[in-house]
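Keeping their order, the protein sequence lines are chains A and B.
Going by our numbering, the first sequence opens with residue 1, and the numbers climb by one from there.
Going by our numbering, the second sequence opens with residue 1001, and the numbers climb by one from there.
There are 2 protein chains.
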Amino acid sequence: MRVLITGVDGYLGWPLAQHLTRAGHEVAGIDDYSRRRWVGEMGSQSAIPIVPMADRLIAFREETGKSLRFFKGDLCDRSFVVNAYKSFKPEAIVYLGEMPSAPYSMIDAEHAVYTQTNNVMGTLETLYAIRDIVPDCHLVKLGTMGEYGTPDLDIPEGFFDLEFRGRTARMMFPRKAGSWYHQSKVHDTNNVEMACRIWGTRSTDIMQGVVYGTRWDDMGSDTRLRTRFDFDQCFGTAINRFCCQAVIGLPMTPFGKGTQKRGFLPLRDSMACLTLAIENPPEQGEYRTFNQFEEVYNVTDLAEKIQKVGKTLGLNPEIRCIDNPRFEDEVHRYNPDHQALLDLGYKPTRDMDGELKAMLQDLIEHKERIASREDAVFPDIRWDGSRSRSEYL
Amino acid sequence: MRVLITGVDGYLGWPLAQHLTRAGHEVAGIDDYSRRRWVGEMGSQSAIPIVPMADRLIAFREETGKSLRFFKGDLCDRSFVVNAYKSFKPEAIVYLGEMPSAPYSMIDAEHAVYTQTNNVMGTLETLYAIRDIVPDCHLVKLGTMGEYGTPDLDIPEGFFDLEFRGRTARMMFPRKAGSWYHQSKVHDTNNVEMACRIWGTRSTDIMQGVVYGTRWDDMGSDTRLRTRFDFDQCFGTAINRFCCQAVIGLPMTPFGKGTQKRGFLPLRDSMACLTLAIENPPEQGEYRTFNQFEEVYNVTDLAEKIQKVGKTLGLNPEIRCIDNPRFEDEVHRYNPDHQALLDLGYKPTRDMDGELKAMLQDLIEHKERIASREDAVFPDIRWDGSRSRSEYL
Chain A
1 MRVLITGVDG
11 YLGWPLAQHL
21 TRAGHEVAGI
31 DDYSRRRWVG
41 EMGSQSAIPI
51 VPMADRLIAF
61 REETGKSLRF
71 FKGDLCDRSF
81 VVNAYKSFKP
91 EAIVYLGEMP
101 SAPYSMIDAE
111 HAVYTQTNNV
121 MGTLETLYAI
131 RDIVPDCHLV
141 KLGTMGEYGT
151 PDLDIPEGFF
161 DLEFRGRTAR
171 MMFPRKAGSW
181 YHQSKVHDTN
191 NVEMACRIWG
201 TRSTDIMQGV
211 VYGTRWDDMG
221 SDTRLRTRFD
231 FDQCFGTAIN
241 RFCCQAVIGL
251 PMTPFGKGTQ
261 KRGFLPLRDS
271 MACLTLAIEN
281 PPEQGEYRTF
291 NQFEEVYNVT
301 DLAEKIQKVG
311 KTLGLNPEIR
321 CIDNPRFEDE
331 VHRYNPDHQA
341 LLDLGYKPTR
351 DMDGELKAML
361 QDLIEHKERI
371 ASREDAVFPD
381 IRWDGSRSRS
391 EYL
Chain B
1001 MRVLITGVDG
1011 YLGWPLAQHL
1021 TRAGHEVAGI
1031 DDYSRRRWVG
1041 EMGSQSAIPI
1051 VPMADRLIAF
1061 REETGKSLRF
1071 FKGDLCDRSF
1081 VVNAYKSFKP
1091 EAIVYLGEMP
1101 SAPYSMIDAE
1111 HAVYTQTNNV
1121 MGTLETLYAI
1131 RDIVPDCHLV
1141 KLGTMGEYGT
1151 PDLDIPEGFF
1161 DLEFRGRTAR
1171 MMFPRKAGSW
1181 YHQSKVHDTN
1191 NVEMACRIWG
1201 TRSTDIMQGV
1211 VYGTRWDDMG
1221 SDTRLRTRFD
1231 FDQCFGTAIN
1241 RFCCQAVIGL
1251 PMTPFGKGTQ
1261 KRGFLPLRDS
1271 MACLTLAIEN
1281 PPEQGEYRTF
1291 NQFEEVYNVT
1301 DLAEKIQKVG
1311 KTLGLNPEIR
1321 CIDNPRFEDE
1331 VHRYNPDHQA
1341 LLDLGYKPTR
1351 DMDGELKAML
1361 QDLIEHKERI
1371 ASREDAVFPD
1381 IRWDGSRSRS
1391 EYL
């Protein structure tokens, strides 16, 4: 199948291009290196060194024997997008080309507007490109479990039968996002669902949990093929930040009570799930939602797991909570459904300890790189708009 | 109270400035004349002549004895917005400064992106301006009943108790909008609700039905103070288009079966409701939703009412359905709640026949202006992206 990956230079996009190519698909990618710039803006860099795209493409061809078709450009640039679609004629698109950080979106008005414009308008341009150029194309859109927020309810996969005053209709489950970034994904969800409804577009909207890990099943040994790993306050998830803190001898720092729960899945499982979604497309006009994660942990459980695994590698990080720069529920119910991918044949690997060990080993190799940017890990972007470093509680 | 009206040059904004000033409030307005440009782009003009803002402001002062503070600029221009807020320090904002047309948003990718950028980012800039400059300010935000779409359910006012698998939580009622414009209002709703939740902003989000009419209670007799009246396919509502068709001797043209139901309210009631919302602000941090309309009619009922009233004025328009350029339910349930404003003291005027008669009389005066743009009334913007004129069924 011809698969176009937007954001192919990113954490998920780069391994996915390799994984899909090895699985026999013809892959093209779009990127404008925004992620590299954003992380630079945060005073940080990928813990695992990544080479420029030109070198990535050479390594890709050497390793897989196939070329990755690469389009350098901005997903909000209409003529660029239209030309790329006309040239490659994708049968599936995996849309990873969004700004993915909640704190980055909360820095100030400029970053809020940038985030929602970049994410929502890029997706809107894509919906038009699909409608006008490749109407049968399957849009695999990356949403986030964060769209739902943490209501005191179970969470279905996107839709549910709403019973109201004696009548019932299948409706979208209400979202309750907690950052401008998460809201941008809610806006996307609403726009994509409408395109399916009125234009007959087909889409799988993936509410993905937190992806972690440095490895995937069929990764090559060429270091130029490795994917990025961020640990700064914006682009590093809690699990990434904890691992890097553990590696450079800093305490791991859950926010507030540290009892926030999230769904997690390893990078290798994310690759498997995205491939399943691509290879099992919905019907024309269908909009479906997958909640994509493997297991739910709270943030302190995670830190304790990293502590335990870290000890086997000679690391012994403390856990010290810091005041929470976010506005979020720290104590909450979290019981979202995640059945659709299992029904398609997803076999969770369920080896978090193994993944954490591999991550820590890969990061220990680059301890100096991480230590050189240790200031980037500590948060100072607050949801109230102030900018002051969190304190240990 | 110091009230800032964004979109003060528009259909609702201009009468509201007068109405609030007469009610003793200190009013300022923002506009960049976008509406005049959009209507010009559609090859049309206001049926009722409107004078340039400079002349409006002179007439305003002569009539009310007070000056309207006017800021000319774009609501997406951050420094302009910040300066206006710092200068006027509003205690309430009535946010009417959005692109309000579903068909306009459906023309093509450019118009879709323009609509969502203009509407959503303007509101986002406003939320930041409120947070940083006037945090106690009450944001009266204009949404639309169209955010809900037409689910086969009753529709509450914004929120409801969602019961799911034995648990209950108060959640936002799911939206199901049918155009990029309507989606832009859904995105706004989500953004504004979040600002209230995390920043303690206070907002009344008004899901307004279709406003019609040319007059309001305390309007002056100076023709420079009259408000615009659009009848083109984008900026004229069905009721406006029907009235203008009746006046120039064309058939009135419901779309499809003509059984689409909507909530309606006269301009004078809209002024009263917005004033009630302003004068009864929510608590700090509260986000509340009002469904604002008086009565529900289907589109053919409306045409028949106009026919009946028109006959008393010597008009005798036919009703001829045309093929529906939109993707929408033509036969559907429509039973939305609209109690909150009644609870605040709203007294519906309930005189649609009287309003229609006044409208037709005011339009008959400008029959030549309307006839000169009769091509603008007939739709050719289709929800599938094609551009071909609807045919009589």
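Using N, Cα and C, we set each Cβ at its ideal position, and we do this for glycine too.
Residue span of the beta strand (DSSP E) that contains residue i, given as start and end
| i | result |
| --- | --- |
| residue 172 (chain A) | 167-172 |
| residue 1262 (chain B) | 1261-1266 |
| residue 295 (chain A) | 295-298 |
| residue 1369 (chain B) | Here residue 1369 (chain B) belongs to no beta strand (DSSP E); instead the alpha helix (DSSP H) covers 1367-1371. |
| residue 1211 (chain B) | 1210-1212 |
| residue 1003 (chain B) | 1002-1006 |
| residue 155 (chain A) | Here residue 155 (chain A) belongs to no beta strand (DSSP E), and DSSP marks it neither H nor E. |
| residue 95 (chain A) | 92-95 |
Short Cβ contact (8 Å threshold) for residue i with residue j
| i | j | result |
| --- | --- | --- |
| residue 125 (chain A) | residue 76 (chain A) | yes |
| residue 343 (chain A) | residue 155 (chain A) | no |
| residue 60 (chain A) | residue 18 (chain A) | yes |
| residue 158 (chain A) | residue 292 (chain A) | no |
| residue 315 (chain A) | residue 376 (chain A) | no |
| residue 1015 (chain B) | residue 1219 (chain B) | yes |
| residue 1313 (chain B) | residue 1381 (chain B) | no |
| residue 119 (chain A) | residue 188 (chain A) | yes |
| residue 1232 (chain B) | residue 1039 (chain B) | yes |
| residue 966 (chain B) | residue 1162 (chain B) | Because chain B spans 1001 through 1393 in this model, residue 966 (chain B) falls outside it and cannot be assessed. |
| residue 47 (chain A) | residue 229 (chain A) | yes |
| residue 133 (chain A) | residue 86 (chain A) | yes |
| residue 1287 (chain B) | residue 1186 (chain B) | no |
Residue span of the alpha helix (DSSP H) that contains residue i, given as start and end
| i | result |
| --- | --- |
| residue 1357 (chain B) | 1352-1364 |
| residue 1239 (chain B) | 1238-1248 |
| residue 15 (chain A) | 13-22 |
| residue 341 (chain A) | 340-343 |
Straight-line gap, residue i to residue j (C-alpha atoms, nearest Å)
| i | j | result |
| --- | --- | --- |
| residue 1269 (chain B) | residue 1350 (chain B) | 9 Å |
| residue 1111 (chain B) | residue 1057 (chain B) | 31 Å |
| residue 1358 (chain B) | residue 1217 (chain B) | 13 Å |
| residue 194 (chain A) | residue 84 (chain A) | 24 Å |
| residue 1003 (chain B) | residue 1025 (chain B) | 7 Å |
| residue 1173 (chain B) | residue 176 (chain A) | 11 Å |
| residue 355 (chain A) | residue 109 (chain A) | 38 Å |
| residue 45 (chain A) | residue 81 (chain A) | 28 Å |
| residue 329 (chain A) | residue 237 (chain A) | 17 Å |
| residue 294 (chain A) | residue 271 (chain A) | 13 Å |
| residue 388 (chain A) | residue 140 (chain A) | 38 Å |
| residue 1035 (chain B) | residue 1122 (chain B) | 15 Å |
| residue 340 (chain A) | residue 1178 (chain B) | 27 Å |
| residue 144 (chain A) | residue 89 (chain A) | 27 Å |
| residue 1284 (chain B) | residue 324 (chain A) | 23 Å |
| residue 1311 (chain B) | residue 1182 (chain B) | 35 Å |
| residue 171 (chain A) | residue 1153 (chain B) | 10 Å |
| residue 148 (chain A) | residue 215 (chain A) | 28 Å |
| residue 297 (chain A) | residue 105 (chain A) | 25 Å |
Backbone secondary structure at residue i - three-state DSSP
| i | result |
| --- | --- |
| residue 29 (chain A) | strand |
| residue 1287 (chain B) | strand |
| residue 1194 (chain B) | helix |
| residue 163 (chain A) | strand |
| residue 1331 (chain B) | coil |
| residue 1387 (chain B) | strand |
| residue 1039 (chain B) | helix |
| residue 308 (chain A) | helix |
| residue 257 (chain A) | coil |
| residue 1203 (chain B) | strand |
| residue 183 (chain A) | helix |
| residue 252 (chain A) | strand |
| residue 86 (chain A) | helix |
| residue 1146 (chain B) | helix |
Whole alpha helix (DSSP H) elements within the stretch 1102-1138 of chain B, 4-residue minimum: 1102-1105, 1109-1116, 1122-1133
Ignoring anything shorter than 3 residues, give me the beta strand (DSSP E) runs that lie fully in the stretch 1046-1083 of chain B, in order along the chain. Listed in chain order, they are 1069-1072.
Any C-beta of chain D within less than 8 Å: which residues of the stretch 1101-1114 of chain B qualify? Structure shown: chain D not included; protein chains present are A and B.
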